[in-house]
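To start, the structure itself, in structure tokens.
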Amino acid sequence: MFSIFKKEISSFFSSLIGYIVIGVFLVFMGLFMWVFPEYSVLEYGFASLNQLFELSPWIFCFLIPAITMRSFAEEMQTGTIELLSTRPLRDLDIILGKFFACWFLVIFALLPTLLYYYTVYNLGADIGNIDAGEVAGSYIGLILLAGAFVTIGLFASSLTKNQIVAFVLSLFLCFFFYMAFDFLSGLPIFFGKSDLFVEKLGINYHYNLISRGAIDSRDVIYFLSFMTGFVVLTKTSLERRKWS
Numbered sequence: 475m476f477s478i479f480k481k482e483i484s485s486f487f488s489s490l491i492g493y494i495v496i497g498v499f500l501v502f503m504g505l506f507m508w509v510f511p512e513y514s515v516l517e518y519g520f521a522s523l524n525q526l527f528e529l530s531p532w533i534f535c536f537l538i539p540a541i542t543m544r545s546f547a548e549e550m551q552t553g554t555i556e557l558l559s560t561r562p563l564r565d566l567d568i569i570l571g572k573f574f575a576c577w578f579l580v581i582f583a584l585l586p587t588l589l590y591y592y593t594v595y596n597l598g599a600d601i602g603n604i605d606a607g608e609v610a611g612s613y614i615g616l617i618l619l620a621g622a623f624v625t626i627g628l629f630a631s632s633l634t635k636n637q638i639v640a641f642v643l644s645l646f647l648c649f650f651f652y653m654a655f656d657f658l659s660g661l662p663i664f665f666g667k668s669d670l671f672v673e674k675l676g677i678n679y680h681y682n683l684i685s686r687g688a689i690d691s692r693d694v695i696y697f698l699s700f701m702t703g704f705v706v707l708t709k710t711s712l713e714r715r716k717w718s
């Protein structure tokens, strides 16, 4: 697994992929955080990083599929997936190696945003007048959400040799699991009966709870179970080639 992780990380940073991902994320967040008046912290009136944690999931919906689309699609297109299979590596080792590499890249892209926290911390009328617990919880929620999106992207990439198809499918699934259950819970068929249960199936419900700074083990278990489920689906998808 570690050999795959190193190979993927080297691939990200030996090409422009890693730098483009980090650059695009930081440029978009910088514009929304400090430039666009509708979202700018400078126009917000009080010390808060809510914009960062509200906008990041939407940017991740596009950014993470762009990172993961090549993971298996490119391997299958070039035939290198067969070479990987001949090595003393299980499918699970390959999947986890790629998963942790993609997840690491997203977390690495988040690190410079700690500068936003330092800046907002010192911008308040009373220096330090910012809820550090809420910020910490939001970062943890964002990291877990990124992990969930990465597993979705890997699954989508394992289904096709076409990277564009993998990107579009991953984009759709990320949006679906992030927001669709919120809309479904509002349908008359669920309202007042099982609407809360349906809402809890979606990522957004658990992400919002963690982002308040109150980290509940049930929300962490949800994300870990979600990631495990998509890793299993990816493993099953890769095993199709052996069955066929």
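If you're matching positions, the sequence shown starts at 475 in my numbering and goes up one per residue. Just so you know, even glycine gets a beta-carbon here, dropped at the ideal spot from N, CA and C.
Selection 534, 514, 535 evaluated against residue 525 yields 514 as nearest (Cα-Cα). In terms of CA proximity to residue 696, 673 leads the group 709, 710, 673, 714. In the displayed model, residue 643 falls within a helix according to three-state DSSP. In this structure, the straight-line span from the alpha carbon of residue 568 to that of residue 551 is close to 17 Å. DSSP places residue 532 inside the alpha helix (DSSP H), whose first and last residues are 524-542.
Runs of alpha helix (DSSP H) with 4 or more residues, each lying fully within the region 631-690, are found at 637-649, 655-659, 669-674, 677-685, listed in chain order.
For residue 628 and residue 570, the gap between their C-alpha atoms comes out near 10 Å. Under the DSSP assignment, residue 565 falls in the alpha helix (DSSP H) whose first and last residues are 565-584. Of the residues assessed, residue 630 falls on the buried side of the cut-off, its CB having 16 or more other CB atoms within 10 angstroms. The closest CA to that of residue 510, considering only 495, 529, 538, is found on 529. Remark: C-beta atoms of residue 621 and residue 652 do not approach each other more closely than 8 Å. Residues of the same chain with a CB within less than 7 Å of the CB of residue 579, apart from the 5 flanking positions on each side, are 486, 492, 495, 541 in chain order. A contact is defined here as three or more CB-CB pairs under 8 Å, and the region 580-594 fails this definition with respect to the region 642-659. Beta-carbon to beta-carbon, residue 691 and residue 611 are separated by about 13 Å, too far to satisfy the 8 Å threshold. When the five nearest sequence neighbours on each side are left out, the beta carbons in the same chain lying within less than 8 Å of the beta carbon of residue 500 are those of 583, 586, 587, in order along the chain. Ranked by how close their Cα comes to the Cα of residue 577, the residues 534, 596, 549, 669 have 534 in first place.
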